[in-house]
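Heads up, the thing below is written out as structure tokens.
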């Protein structure tokens with residue numbers, strides 16, 4: 748029953764993003780949703796319990812926060828580039844992320860890369876190497892709000908999987 752709900756959620760998301768509603772594309776989307784759900788279940792990503800609501804709430808609060816960070820960083824990068832003083836000071840920063848799972852590390856690394864002015868060059872379990880366009884962007888990486896928020900997501904996901 749819960750796998751069916753997962754398929755329906757995937758298919759609804761696909762319909763929302765697709766914008767093409769011809770029979771071929773709708774059936775393709777349904778087939779892709781079923782395939783993704785089957786692979787996710789086989790890989791142990793989507794278990795019999797389905798998608799926990801507690802984790803959904805955490806994700807729903809993380810994404811708007813990340814979007815805000817993307818817009819703020821985009822504005823800061825634009826100001827740095829257009830400034831007559833050209834406050835661009837490329838910097839490499841190595842720091843230890845607080846995540847312990849592969850999904851947590853990837854989420855953190857991708858969140859850094861999505862934020863304008865920073866890109867994760869190397870992601871290892873004990874070390875991230877990040878290129879930052881400005882010193883201010885580099886200073887805010889180690890022990891950042893992003894690190895704490897992704898760790899919070901990771902804890903909720905781990906707790907929901909143990910139930």
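Residue numbers (the working numbering): 748 to 910.
Cβ atoms here follow ideal geometry from the backbone N, Cα and C, with glycine treated the same way.
query                                                                                                              : result
Enclosing alpha helix (DSSP H) for residue 751 [first to last residue]                                             : 749-765
Outcome for residue 873 when other beta-carbon atoms lying within 10 angstroms are tallied against a minimum of 16 : exposed
Start and end residues, alpha helix (DSSP H) containing residue 860                                                : 849-861
Sequence-distant residues of its chain with Cβ nearer than 8 Å to residue 905 (five each side left out)            : 848
Expected contact under 8 Å - CB spacing of residue 854 and residue 897 to nearest Å                                : 5 Å
Paired residues, beta bridge with residue 707 - DSSP                                                               : The displayed coordinates of the chain run from 748 to 910. Any statement about residue 707 would go beyond what the structure contains.
Rounded Cβ spacing between residue 840 and residue 879 (contact assumed at less than 8 Å)                          : 6 Å
Where residue 888 falls: helix, strand or coil (DSSP)                                                              : coil
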